[in-house]
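Only one structure is covered here, and it is reproduced in the block below.
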Amino acid sequence: MDHAIQLPCDGDGLCMKCKTKPPTEETVTCCTCITPWHVSCLIEPPPTIASALVWVCTDCSGLPESVPLGNATGGGDLVSAIRAIEADETLTEREKARKRQELVSGRVEEEDEEEKKKKRKGKERTSEDDVSALLDKFSCSFCMQLPERPVSTPCGHNFCLACFEKWIKQGKRTCIKCRNIIPAKMASQPRINSALVAAIRMAKLSKSTIAGPTEVHQYKQNEDRPDKAYTTERAQKAGKANAASGKIFVTVPPDHFGPIPAENDPQRHQGVLVGECWEDRMECRQWGAHLPHVSGIAGQSGYGAQSVALSGGYQDDEDHGEWFLYTGSGGRDLSGNKRTNKDQSFDQKFEKMNEALRVSCKKGYPVRVVRSHKEKRSSYAPEKGVRYDGVYRIEKCWRKPGIQGFKVCRYLFVRCDNEPAPWTSDEYGDRPRPLPSVKELKDKKLKDITDTTDRKESPSWDFDEEDGRWKWKKPPPLSQKRRVETGNPEDWKRSRKIIRQAQKSSVRDKLLKEFSCLICSQVMSLPITTPCAHNFCKVCLEGAFAGKTLVRERSRGGRSLRSQKNIMLCPSCPTDISDFLQNLQVNRELMDVIESLKRETEEIAEDPAADLSEEEAANEIEENSDPADETEAERACKRKKVDTNPEGVKEAEGAQKEDSPSSTLQIQTSDEDLY
DNA sequence: AGTATCCGCATT
DNA sequence: AATGCGGATACT
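Per full-length UniProt numbering, the first sequence starts with residue 1, numbered consecutively.
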């Protein structure tokens, strides 16, 4: 069984079978696909040097049996088989494309499996399937990951820019997927397909949605509250100063650590983004970045602190943007009816909120940071309102006498967010940085520093070198807040379902928006990606050049001159695409995505649970409750394993686990700002 | 423009 | 019951 598997050399020239790099004299190149193969790893190496020159690899000669073939000489039959498909009038464009793909990739079983899957499931298809199918379809043939900075060949296949460039650099001029010639222009100047960039970004987003059950927290009586902070009758005197909180828009529990992800933002499906601004603390609270509307620290002693606000309330604070020194709370006399008091009259201790911060320090939890315009001494504070600046870790904390003479708790915060800070023009977020030198820890007055706490254990939130991003290295602390039951569990289920639908339809809307034809502005049908990376419907593009021929006959004075090539410019840019127009290839991967998204949108539109007719919705939930979904996800998972080439299982599984392609090198080294 | 005062709300 | 890096207002 195993001996039958034949593998060529990979992009680096390494034989994928023996994993060594064979010398040139030990390689033989397929005369059809120009792929190099390691001679000693071939079951049937070419017997003579002469035969090596016309040798055809197993991929090109060993075509699937279902394909009608003449004699077994390979390349020529491939062409005739493709012609046979093109000539078959019973097939639609889409089926033809699929057949062609099957033919050249030799993945007939896989496609059959997909067909069966469709038949088996029929109307049971769920959006999750579509989204994971999307991820499968999009993977770059070189690195098996979602393409980073995707480029599309005129034959309609999509790859990472870096992978594609590597391939070209090796002198390859054929598409790895279909062996079509890559035009010189595409080879020398590949263009990013921006529609795909958006699609992939959204696909990643959806993937994180399906990756695991999202913790959805419903606030008590939240739905009864208005969208804005409001004043109760009793509190109307001081307006917003005494306002009650409006609706909480995010579904993270109040003791959620770290960034607020898109899954918990049913309204916008984008989560809380770094740099987001709010009018005041009440509005900031509604988006979950920092819940307490007066207190500067959100946390629980013995559990940890989730967020802090920098708003100039303590003169000992010291802000350097990427790091800052924060002062604990307390030490002030708030007796009487005071809420704040600038004057310190006793020492702060590591208790209550100060202790919560110390727990986050010891555990290395990510702490969300908001800066308020009230902080006047910092250059990093916003001019107006309150701004979310991302997550920081507390690397160290201690106590020392504050400016007012009494002891204060001190915390060293260092930024560790995957998004760049609002004040930088950096394209990327933080990298681990050495601890800043803190003056008060270096001074000779070190005796003033007491109760120093460093982190002993490895931090829960840390930088993953492989992934090139910060993530939970240990599971985040389990929420201690009980989910609030809304009385009727069906209500809760239903609202959860509605939230999930809203999330999905927002993904779809955005995707469809990205996929509109540049000519008709409608969602593309039979999408074509030009070599200059613009996307059109096949019909629109053909229509734009209707009646124009590639060459123009010229005649003067009765004698005919040499015919001249007609220049045909891309409808969106001044690139001559006349050669490309002669053989338009639909970007099938793109088409499949559009098709599945359209289908989902229609399903949602027909879904009786989408409109709130109560009984229908309740019934719908009965039929399609969570356990069913999970089973389906498991099935999808199993299918994936079956589909994968046994040799590639290990790699593919590794790739599936990560939520982003580990192609940091491409990201880091490119100068172009494409995202 | 800065600040003292006051009090409602959310959370511990 | 106690605490708290809000916010409008009236005043310097």
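Virtual Cβ for every residue (Gly too), placed ideally from N, Cα, C. Remember, predicted model here, so these are calculated numbers, not experimental data.
Taking DSSP as the reference, what is the three-state secondary structure of residue i?
{"i": "G304", "result": "strand"}
{"i": "Q236", "result": "helix"}
{"i": "A309", "result": "strand"}
{"i": "N354", "result": "helix"}
{"i": "T575", "result": "coil"}
{"i": "residue 680", "result": "Given a span of 1 to 675 for the chain in the structure shown, any question on residue 680 remains unanswerable."}
{"i": "W55", "result": "coil"}
{"i": "S378", "result": "coil"}
{"i": "D224", "result": "helix"}
{"i": "K396", "result": "strand"}
{"i": "E553", "result": "strand"}
{"i": "T24", "result": "helix"}
{"i": "R469", "result": "strand"}
{"i": "R339", "result": "coil"}
{"i": "A229", "result": "coil"}
{"i": "Q344", "result": "strand"}
{"i": "I528", "result": "strand"}
{"i": "Q564", "result": "strand"}
{"i": "N180", "result": "coil"}
{"i": "S596", "result": "helix"}
{"i": "C416", "result": "coil"}
{"i": "K207", "result": "Bear in mind that the predicted position of K207 carries a pLDDT of just 47, short of 50, making it unreliable; the figure below should be weighed with that in mind. Helix at K207."}
{"i": "R285", "result": "helix"}
Using beta-carbon positions only, say whether residue i and residue j come within less than 8 Å of one another.
{"i": "V308", "j": "V216", "result": "no"}
{"i": "G385", "j": "W278", "result": "yes"}
{"i": "I403", "j": "Q267", "result": "no"}
{"i": "K177", "j": "S141", "result": "yes"}
{"i": "C57", "j": "T35", "result": "yes"}
{"i": "L310", "j": "S378", "result": "yes"}
{"i": "M568", "j": "K538", "result": "no"}
{"i": "I577", "j": "F515", "result": "no"}
{"i": "Y230", "j": "A243", "result": "yes"}
{"i": "A356", "j": "G275", "result": "no"}
{"i": "V252", "j": "G304", "result": "no"}
{"i": "F324", "j": "F406", "result": "no"}
Residue i: buried (16+ other C-beta within 10 angstroms of its C-beta) or exposed?
{"i": "residue 686", "result": "Coverage of the chain is limited to positions 1 through 675, which leaves residue 686 absent and any answer about it impossible."}
{"i": "C18", "result": "exposed"}
{"i": "L478", "result": "exposed"}
{"i": "S139", "result": "buried"}
{"i": "G258", "result": "buried"}
{"i": "P527", "result": "buried"}
{"i": "R234", "result": "exposed"}
{"i": "L590", "result": "buried"}
{"i": "L435", "result": "exposed"}
{"i": "N354", "result": "buried"}
{"i": "I260", "result": "buried"}
{"i": "K565", "result": "exposed"}
{"i": "N341", "result": "exposed"}
{"i": "Q582", "result": "exposed"}
{"i": "D333", "result": "exposed"}
{"i": "S188", "result": "exposed"}
{"i": "residue 677", "result": "The chain is shown only over 1 to 675; residue 677 falls outside these bounds and no answer can be derived."}
{"i": "F159", "result": "buried"}
{"i": "T27", "result": "buried"}
{"i": "T232", "result": "exposed"}
Thinking residue i and residue j are a contact (beta carbons under 8 Å), I'd like their distance in whole angstroms, please.
{"i": "C416", "j": "W470", "result": "5 Å"}
{"i": "Q585", "j": "P154", "result": "6 Å"}
{"i": "V408", "j": "G328", "result": "6 Å"}
{"i": "F580", "j": "P531", "result": "6 Å"}
{"i": "residue 676", "j": "G336", "result": "As displayed, the chain neither begins before 1 nor continues past 675, which places residue 676 out of reach and without an answer."}
{"i": "N180", "j": "S152", "result": "The pair is not a contact, with the Cβ atoms about 12 Å apart (cut-off 8 Å)."}
{"i": "I535", "j": "C520", "result": "With the sequence shown as reference, residue 535 is identified as Asn, and Ile is not the correct amino acid for it. Their Cβ separation, rounded to whole angstroms, is 11 Å, which puts N535 and C520 out of contact at 8 Å."}
{"i": "P571", "j": "A544", "result": "5 Å"}
Between the region 356 to 370 and the region 453 to 472, do at least 3 Cβ pairs fall closer than 8 Å?
-> Taking a cut-off of 8 Å on C-beta distances, the region 356 to 370 touches the region 453 to 472, as three or more cross pairs fall below it.
Three or more C-beta pairs below 8 Å linking the region 279 to 292 and the region 414 to 429 = The region 279 to 292 vs the region 414 to 429: no contact.
Could you tell me whether the region 429 to 443 touches the region 293 to 301, where touching means 3 or more Cβ pairs closer than 8 Å?
-> No contact exists between the region 429 to 443 and the region 293 to 301.
Could you say if the region 244 to 264 and the region 216 to 228 meet the contact criterion of at least three C-beta pairs nearer than 8 Å?
-> Three or more pairs of CB atoms, one per stretch, sit closer than 8 Å, so the region 244 to 264 contacts the region 216 to 228.
Just checking, does the region 447 to 454 make contact with the region 371 to 388 on the three C-beta pairs under 8 Å criterion?
-> The region 447 to 454 is not in contact with the region 371 to 388.
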